[in-house]
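Residue numbers (mature numbering (1 follows the signal peptide of the UniProt record, and there is no 0)): -33 to -1, 1 to 506.
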Amino acid sequence: MRYRTHALRATGIVLTSAMLTGGLLASATTASARTAHAGTANATAPDAATAHATTEHAAATFTRADLVRTTDSFLSHYYDGGDFKTSLSNPAAIHFWESSFDRQTLTDASRLTGRWKDRISEAYYRYENTHSTDRFGNPKCWIGNDTDWNDDYSWAIQFALDAYEATGDRHMRDQAKWHVDFFYRDYYDDAHGGGFWRERGTKDQKDVPSNGFAIAAAELARYYPDATVHNNPLNTDRTYLQIAQDTYAWLKKSFLRPDGGFENSFSGREWDDNLYTYNAGVFLELGANLYDLTKDDTYLADGRKVADFARSHFTTGSKQIIVHEDDVGGRGLYRPGAVNDYEVVFKGIFLRGLYKFITLGGQDAYLGWLGDNAQSAYDHRTDDLPSAQFDRTLTDGRSTGVASGLAAMTYTLAAQRLSGRIEAETGQKYGTARNESAAAASDGQLVGSIDKAGAGLEFHNVAAATSLTFRTASANKGAKLSLYIDGRFARKVHFPYTGNWNSTFADTTVRVSVPDGATVRLQYDTGDSAANIDHMTVS
């Protein structure tokens, strides 16, 4: 990964938001991620995509079938024998660190839907066969190029672990373990207080992205709880859990601001206090894994601080759609370009961390926000490709930007199934039903006005269950709505009188058989009486 620095701020390289507000420029040449690797950080050319008039698709809550269709479109447009094209206008294979995100996105979608497993294996071995050499005692060592930065490999490692979980191929896990061990053995020390170095050859900078190895270490701790790795600079042996905990503590002490902002790097050069969604995502994902392993609530408190800052700082509109990064002290908030700017993937990395925070940490309050971002990317799709900028309809997009939209869709559907609780405002509304603000509701919103014939609320991709619990408020005595499962009437659901519509809630549990992947609908039929819905819990 390459990022903006204070030195770049003075050059005018950073694209200003003013350049983007009227539509993306269409006349510039395409720059590759390799340019950034060879020269200054992120010398970005203007994008070749154009944002046409805002004509949104009909409002719809996406389903698993929509995810399958859009992923198939993504593979049709971008997949190339195990590699991923840079963009629609640039068919060259994208750099392997970015491709690792594309591959992870495919893997996560496969784990949810059961599809494309052959593509996961093909993508993994395409990477390994084109990037490995017999080196450092490993005949399939990925480190063939000494100029690649360490965080590039941390992404390849994380993909390998995901691919192992999807395919069961032990070689993938073995390779991930070997590479984590390699980097921890010699490239983690106590300079600047701890952490992994950004580069192997020139040890002059430590940053947040290069410590993504700790995420992989936390995941390896589940497979090898007692194994230790020797660290040469510190002359110590640490378990994978300890490696992850040590790194987390150093990141928190070094980069976490009191307000939840997460800074980027420090070194013998200059301090980089830029704020990136990428870094917030790394910290969230690491903390979520550590909470899952230790049940230490400190990780949740830290994560909420980081997630809340990101939600208010990097977003636009009432739905808080993530569109910005922050060049602190320079040009401030800016939009990464949709085609030529590798930073367009940063929000995808953040949403992966948020998904892990929701599911491993049980932080369901963020599920609606995750879903809003996924829905926006889906609603602004072109040729069934989610928008790389989430809130704009584009004619082109970097593969990682499009993959970020797909990842958001996958994580939303998966989090709904894993959490057991689905916020009403994330469901599909029909007729007069609408989202309404309510301070006492679990996520600050509920669905109300289900009070006319045909009005209803529908949840998609519901996990198999034997009971459903609805949290409701109603000032009607005798409130009831009609429950449908996969389009078939199941029963009337009677809700208690709470004395108001938005401040006092009660739970109602009904026994009903729900098949996996079902559509559940509450609808106002003749003879029904309105209730406002906060959320549904599947059990």
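No residue lacks a Cβ here, since even glycine has one placed at the ideal position from N, Cα and C.
Residue 507 and A355 look like a contact to me (Cβ under 8 angstroms); what is the Cβ gap, rounded to whole Å?
The structure shown does not extend to residue 507, since the chain is modelled only from -33 through 506, so no value can be given for it.
Quick check: the region 72 to 91 against the region 45 to 63, are at least 3 beta-carbon pairs closer than 8 angstroms?
yes
For S434, does the count of other Cβ atoms within 10 angstroms reach 16, so buried, or fall short, so exposed?
Indexing the sequence shown from 1 puts residue 434 at position 467. By the neighbour-count rule (16 or more Cβ atoms within 10 Å), S434 is not buried but exposed.
C-beta atoms of A133 and R78 nearer than 8 angstroms
Position 166 of the sequence shown, counted from the start, is the residue given in the question as residue 133. Position 111 of the sequence shown, counted from the start, is the residue given in the question as residue 78. Going by C-beta atoms, A133 is nearer than 8 angstroms to R78.
Kindly indicate which residue of Y491, A485, A216 has the alpha-carbon position closest to the one of F462.
As a working note, residue 462 is residue 495 in the sequence shown. Taking only the C-alpha atoms, the option nearest F462 is Y491.
Segment limits, alpha helix (DSSP H) that includes E425:
Along the sequence shown, read from residue 1 onward, the residue named residue 425 stands at position 458. Counting along the chain, E425 falls outside any alpha helix (DSSP H), though it belongs to the beta strand (DSSP E) covering 423 to 429.
Check whether the region 325 to 345 and the region 261 to 272 are in contact - that is, three or more C-beta pairs closer than 8 angstroms.
yes
Rounded distance between the beta-carbons of L128 and A188, thought under 8 angstroms:
For the purposes of this step, residue 188 is taken as the residue at position 221 of the sequence shown. For the purposes of this step, residue 128 is taken as the residue at position 161 of the sequence shown. Not really, about 12 angstroms apart at Cβ, beyond 8 angstroms.
Determine, using beta carbons only, whether I500 and F456 come nearer to each other than 8 angstroms.
Position 533 of the sequence shown, counted from the first residue, corresponds to residue 500. Position 489 of the sequence shown, counted from the first residue, corresponds to residue 456. For I500 and F456, no; Cβs fall outside 8 angstroms.
So, do the region 291 to 299 and the region 340 to 349 have three or more beta carbon pairs nearer to each other than 8 angstroms?
Taking 8 angstroms as the limit for Cβ pairs, the verdict is that the region 340 to 349 does not touch the region 291 to 299.
Give me, in chain order, the residues of the same chain whose beta-carbon lies closer than 7 angstroms to that of R384; leave out the 5 immediate sequence neighbours on both sides.
On the sequence shown, position 417 is the one that residue 384 refers to. Contacts found: N428, A430.
Contact the region 250 to 263 vs the region 196 to 214: 3+ CB pairs below 8 angstroms:
yes
Just to confirm the assignment, what range does the alpha helix (DSSP H) spanning residue 513 have?
Since the first residue of the chain shown is -33 and the last is 506, residue 513 is not available in this structure.
Counting pairs of Cβ atoms below 8 angstroms between the region 56 to 73 and the region 89 to 97, do you hit three or more?
yes
Counting only runs of 3+ residues fully inside the region 463 to 495, write out the beta strand (DSSP E) ranges in chain order.
When DSSP assignments are scanned along the region 463 to 495, the uninterrupted stretches of beta strand (DSSP E) that are 3 or more residues long and fall wholly within it turn out to be 473 to 481, 485 to 490.
As an exercise, report each continuous alpha helix (DSSP H) stretch of at least 4 residues that is fully enclosed by the region 137 to 188, in chain order.
Segments of the alpha helix (DSSP H) lying fully in the region 137 to 188: 137 to 154.
Where S409 falls, given that 16 or more other Cβ within 10 Å makes a residue buried
In the sequence shown, residue 409 corresponds to position 442, counting from 1. S409 should be labelled buried.
In chain order, what residues of the same chain have a beta carbon less than 6 angstroms from the beta carbon of R70, not counting five sequence neighbours either side?
Residue mapping note: residue 70 aligns to position 103 of the sequence shown, counting from 1. Cβ within range, chain order: A90, F126.
Where are the beta strand (DSSP E) runs, 3 residues long or more, that stay fully inside the region 381 to 412, in chain order?
388 to 390, 395 to 397, 401 to 404
How many angstroms separate the CA atom of V306 from the CA atom of A76?
By 1-based counting over the sequence shown, the position of residue 306 is 339. By 1-based counting over the sequence shown, the position of residue 76 is 109. Spanning the two alpha carbons is a distance of roughly 23 angstroms.
The alpha helix (DSSP H) that contains S354, what's its start and end?
By 1-based counting over the sequence shown, the position of residue 354 is 387. Per DSSP, S354 lies in no alpha helix (DSSP H) and is assigned neither H nor E.
Is there at least one Cβ from chain D nearer than 8 angstroms to R401's Cβ?
Looking at the structure shown, chain D is missing, and only one protein chain is on hand.
Thinking E292 and Y243 are a contact (beta carbons under 8 angstroms), I'd like their distance in whole angstroms, please.
As a position in the sequence shown, residue 292 is number 325, starting the count at 1. As a position in the sequence shown, residue 243 is number 276, starting the count at 1. The pair is a contact, with the Cβ atoms about 5 angstroms apart (cut-off 8 angstroms).
Helix, strand or coil at Y301 [DSSP, three-state]
Stepping through the sequence shown from its first residue, residue 301 is reached at position 334. DSSP, reduced to helix, strand and coil, places Y301 within a strand of the structure shown.
At what residue ranges does the region 260 to 346 contain a whole run of the beta strand (DSSP E), taking only runs of 3 or more?
292 to 294, 299 to 301
Quickly, what does DSSP pair Y451 with across the bridge? List them, please.
For this step, residue 451 is matched to residue 484 along the sequence shown. Beta-bridge pairing links Y451 to F456, R488.
Close-in-space but distant-in-sequence residues of the same chain around L448 (CB under 7 angstroms, 5 per side omitted)
Translated into the one-based positions of the sequence shown, residue 448 becomes position 481. Contacts found: I417, V460, L489, Q490, Y491, D495, A498.
Coil, strand or helix - R93 by DSSP:
By 1-based counting over the sequence shown, the position of residue 93 is 126. Here R93 sits in helix by DSSP.
What did DSSP end up calling A194 once you bin it into helix, strand or coil?
As a working mapping, residue 194 is identified with position 227 in the sequence shown. A194 falls in the coil class under three-state DSSP.
Work out the CA separation of D474 and I316 for me, nearest whole Å.
By one-based count along the sequence shown, residue 316 stands at place 349. By one-based count along the sequence shown, residue 474 stands at place 507. About 36 angstroms.
Taking buried to mean at least 16 other C-beta atoms within 10 Å of its own C-beta, is H502 buried or exposed?
In the sequence shown, counting from the first residue as 1, residue 502 sits at position 535. It is buried - the Cβ of H502 has at least 16 other Cβ atoms within 10 Å.
In the structure shown, what three-state DSSP assignment does H98 receive?
Taking the sequence shown and counting its residues from 1, one reaches residue 98 at position 131. H98 falls in the helix class under three-state DSSP.
Taking the straight line between their C-alpha atoms, what separation do you get for F324 and L251?
Locating residue 324 in the sequence shown gives position 357, where the first residue counts as 1. Locating residue 251 in the sequence shown gives position 284, where the first residue counts as 1. If I take the Cα positions, the gap works out to 6 angstroms.
According to DSSP, simplified to helix, strand and coil, what is D118?
Taking the sequence shown and counting its residues from 1, the one referred to as residue 118 is at position 151. Here DSSP, grouped into helix, strand and coil, assigns D118 to helix.
Taking the straight line between their C-alpha atoms, what separation do you get for P13 and G304?
Residue mapping note: residue 13 aligns to position 46 of the sequence shown, counting from 1. Residue mapping note: residue 304 aligns to position 337 of the sequence shown, counting from 1. Residue placement at P13 is flagged as unreliable, the pLDDT there being 40, under the threshold of 50; the coordinate-derived value follows with that caveat. The alpha-carbon atoms of P13 and G304 are separated by roughly 7 angstroms.
Using alpha carbons as the reference points, say which of K173, D264, L201 lies closest to F222.
Reading the sequence shown from its first residue, position 255 is the one you call residue 222. The shortest Cα separation from F222 among K173, D264, L201 belongs to K173.
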